[in-house]
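Student: In UniProt numbering, the protein residues as written are 1 to 124. Yeah, the Cβ is synthetic: ideal placement off N, Cα and C, and Gly gets one too. Small disclaimer: the values here were computed from a predicted structure and weren't measured.
What follows is the structure, given as C-alpha cells:
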C-alpha cells in the first residue's frame, strides 16, 4: 500500500520516514519528495508498505502525530488520475499582460512638471 505523508519538516529525510513507519511493519520504500532544482524538501513524501494491515495501522496511528516539530498528516496515497485537478489550466507560456511595458520611467519632481499637477502638496 502506498501512503502519503504531508506537512513534513524540511529537515525530515528518507531514513526518518523509514524509521517512523518500520515500527508498524516492513517498509518497502520511504521517499521525501524534493524540488528538482534546489534539492530542498517539498514537505511531503510517500511510504510503501507491502502488508495492507500493517499499512492501515500505521496510517491510523501516525496521522496527527508530531514529527520534528510539525504535526503530520498521513493517508492512503491516491493515484494522480484520482486526485481532483481544480482549476488547473495547461501552461501556455509567457504572454503579454498588456499595459505599458517599455520606455523610461521617471519618478520625482525633476525634469518636468510637478507630480501634484495643479494641487499643492498636503503638509502633515
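1. Taking all protein chains shown into account, do 16 or more other C-beta atoms lie within 10 angstroms of the C-beta of residue 72, making it buried, or fewer, making it exposed?
2. Identify whether residue 10 lies in helix, strand or coil by the three-state DSSP scheme.
3. Who are the near neighbours of residue 26 in its chain, counting only those whose CB is closer than 8 Å to its CB and skipping five residues on each side?
4. Given this structure, state the Cα-to-Cα distance separating residue 17 from residue 6, to the nearest angstrom.
5. Within a Cβ cutoff of 7 Å, which residues of the same chain sit near residue 35, ignoring the five residues on either side of it in sequence?
Tutor: With the structure as the only source:
1. In the chain shown, residue 72 corresponds to position 72, counting from 1. Classification of residue 72: buried, given that the 10 Å Cβ count is 16 or more.
2. Within the chain shown, residue 10 is the residue found at index 10, counting from 1. Coil.
3. On the chain shown, residue 26 is found 26 positions in, with the first residue counted as 1. 49, 50, 51 and 54, listed in sequence order.
4. The residue given as residue 17 occupies position 17 in the chain shown. The residue given as residue 6 occupies position 6 in the chain shown. Going from the Cα of residue 17 to the Cα of residue 6 covers about 11 Å.
5. Within the chain shown, the letter at position 35 stands for residue 35. For residue 35, where only same-chain residues beyond five positions count, the Cβ hits under 7 Å are 42.
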